[in-house]
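The structure appears below as structure tokens.
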Amino acid sequence: MKIAVIGTGYVGLVSGVCFSDFGHDVVCVDKDPAKIAKLEAGEVPIYEPGLEELMAKNVDAGRLTFTMDLAAAIESAEAVFIAVGTPTRRGDGHADLTFVMAVAEEIALAAKDYTVIVTKSTVPVGTNRKVKQVVHKANPDLEFDVASNPEFLREGAAIDDFMRPDRVVVGVQTKRAGDVMNDVYRPLFLRDFPVVITDLESAEMIKYAANAFLATKITFINEIAALCERTGADIKQVSKGMGLDGRIGNKFLHAGPGYGGSCFPKDTKALARIGQEHAVPMQITEAVIKVNEEVKRRMVDKLLDLCDGSFNGKVVAVLGVTFKPNTDDMRDAPALTIVPALVGGGAKVRVTDPQGKHEGEALLPGVNWVEDAYKAARNADLVVILTEWNEFRGLDLKRMAKHMTTPRMADLRNIYSTKDAKRAGFDAYVSIGRSSLEPTTDGES
Ligand SMILES: NC(=O)c1ccc[n+]([C@@H]2O[C@H](COP(=O)([O-])OP(=O)(O)OC[C@H]3O[C@@H](n4cnc5c(N)ncnc54)[C@H](O)[C@@H]3O)[C@@H](O)[C@H]2O)c1
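Mapping to my numbering: the sequence shown position 441 is 508, numbers consecutive.
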């Protein structure tokens, strides 16, 4: 089967590589010449574990190519996937559909035979119908269908998520388009992964509802964590006790410095906006957005307390800046709120992150990048764990504390415990949702 994927970002590239691994003949298109040059040289422009190897395998097998020439790429493609960005539109929180609509028009002008135009980008309800209108207007003679196929992969585990999904969601209007989508995902059908076939609007809504629900779950546990801090309860024990309830589940119940990343912040804002447009306010989602902002600000207050009320002149070591481990993605990361607050308050900030420097350098002016956690902590007044990379889970805390000016730690991912920190020689340790006064009793982390 011949497939074209437009946009070679986190979603488009992973989708293209995995489709080619299914055995399809795939062309990946991007308008960014630097990205295409890298891909043609066998390099992956993003950090995603396992992607480079899988890409090389399929390029070698002759099933995967890259180009900037959209018209050539979609010639004879049975399905064309739109996987370009849908960032928050400046000013109103709506998803910006400029890139999606521009690509739809380009496809319309270049396509010759029956094509299924599939939107993989996360788009507001009603967008696929608009894509249909745009394509029809640009090329009234073209025989085509639209399909909605939202993506649920997680950065850092993207290949596994794509190859072994919880479900595939496909919204279609015709049997013909449904048959094409069946062929695209046949390898997953055959292995009994659930495929949910819906109408266009439901498919679009599923994506926003799923992301808003997950963001709500994270935000809920973060709010409970704040209450734990005041009441003496321990959020790790609370999460465990809640998560064992099969109706709740243990995922997305880890308290932290607030959600970030390329999806939750923009998708919650877009859902709130869709609700306003239809006069059905998404009150829960709106509260989640507000509380998440407060959670990030609360983190700054925690650090300020540890610095005796002023960042001025303090040396602060920040471990991890990407929005989560195993990605280089910095979009809407909590670090983008917390680090500027430190720098703005007069702290000398040293940052280390296994993959974050490339993106982070431009986004975090005024910080010094160092190779590892020990270099960052040398002569520092405070160490802050912001992202739970594996590298930071097994630190030699004693070695770290020994070389700090004032050994203090803010563990915003609850990797360690008061007991660990005290034993290593830290004289202050704060985490999320756990009393900083008493050693924790769980003895786990
Ligand atoms: N990143 C994720 O984890 C994730 C997960 C699920 C869904 N999504 C959704 O998938 C979509 C893409 O997200 P992403 O993170 O991959 O974005 P991204 O910004 O990493 O990639 C988008 C790519 O599209 C390219 N592009 C833009 N306009 C183009 C055009 N006219 N022609 C060709 N290429 C063009 C850009 O150059 C860029 O390489 C978004 O709607 C997002 O919400 C993302």
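Positions of the beta carbon are idealized from the N, C-alpha and C atoms, including for glycine.
DSSP places threonine 132 in the strand class (E or B) of the three-state scheme.
Along the length of the stretch 246-324, whole beta strand (DSSP E) runs at least 3 residues long occupy 262-265, reported in chain order. By the Cβ rule, the stretch 99-117 counts as touching the stretch 388-408, because three or more pairs are nearer than 8 Å. Between ligand 1 and the CB of alanine 169, the shortest heavy atom gap is smaller than 7 Å.
Within the same chain, Cβ atoms closer than 8 Å to the Cβ of glutamate 172 are found at Val201, Val202 and Ala205, the five residues on either side in sequence being excluded. Residue nearest to lysine 105 within the set Ile285, Thr132 and His91 is Thr132 (criterion: CA-CA distance).
Here asparagine 216 has Phe148, Val185, Thr186, Lys187, Val235, Val236, Val237, Gly238, Met248 and Ala270 as same chain residues with Cβ atoms under 8 Å from its own Cβ, once five neighbours each way along the sequence are excluded.
Between proline 232 and leucine 479, the C-beta gap is not smaller than 8 Å, which leaves the two residues out of contact. Contact check for leucine 370 against leucine 449 passes: the beta carbons are separated by less than 8 Å. Within its own chain, the residues whose Cβ lies closer than 8 Å to the Cβ of cysteine 330, once the five positions on either side in sequence are excluded, are Thr189 and Asn278, listed in chain order. DSSP links alanine 384 through a beta bridge to Arg417 and Val450.
Per DSSP, the beta-bridge partners of tryptophan 436 are Val418.
Annotation: phenylalanine 148 is outside any alpha helix (DSSP H); the continuous beta strand (DSSP E) that includes it extends over 146-149.
The criterion of a C-beta distance shorter than 8 Å is not satisfied by aspartate 250 and methionine 467.
Residues with their Cβ less than 6 Å from any non-hydrogen atom of ligand 1, running along the chain, are Ile73, Gly74, Thr75, Gly76, Tyr77, Val78, Gly79, Val96, Asp97, Lys98, Asp99, Lys102, Ala150, Val151, Gly152, Thr153, Phe166, Ala169, Val170, Ser188, Thr189, Glu218, Leu220, Glu222, Ser329 and Cys330. Taking a contact to require three or more Cβ pairs closer than 8 Å, the stretch 371-382 and the stretch 292-312 do not qualify as touching.
A residue is called buried when at least 16 other Cβ atoms come within 10 angstroms of its Cβ; leucine 311 does not meet this threshold and is exposed. Under the three-state reduction of DSSP, cysteine 95 is assigned to strand. Contact between the stretch 353-361 and the stretch 416-430 is absent: fewer than three C-beta pairs spanning the two stretches fall below 8 Å. The beta-carbon separation of isoleucine 291 and tyrosine 326, rounded to 15 Å, does not stay under the 8 Å limit for a contact.
When secondary structure is reduced to three states using DSSP, alanine 400 falls in the coil class, being assigned neither helix nor strand. With contacts defined as CB atoms closer than 8 Å, alanine 488 and leucine 464 qualify as a contacting pair. For the pair of segments examined, the stretch 398-418 was found to touch the stretch 432-445: the number of CB pairs separated by less than 8 Å reaches three.
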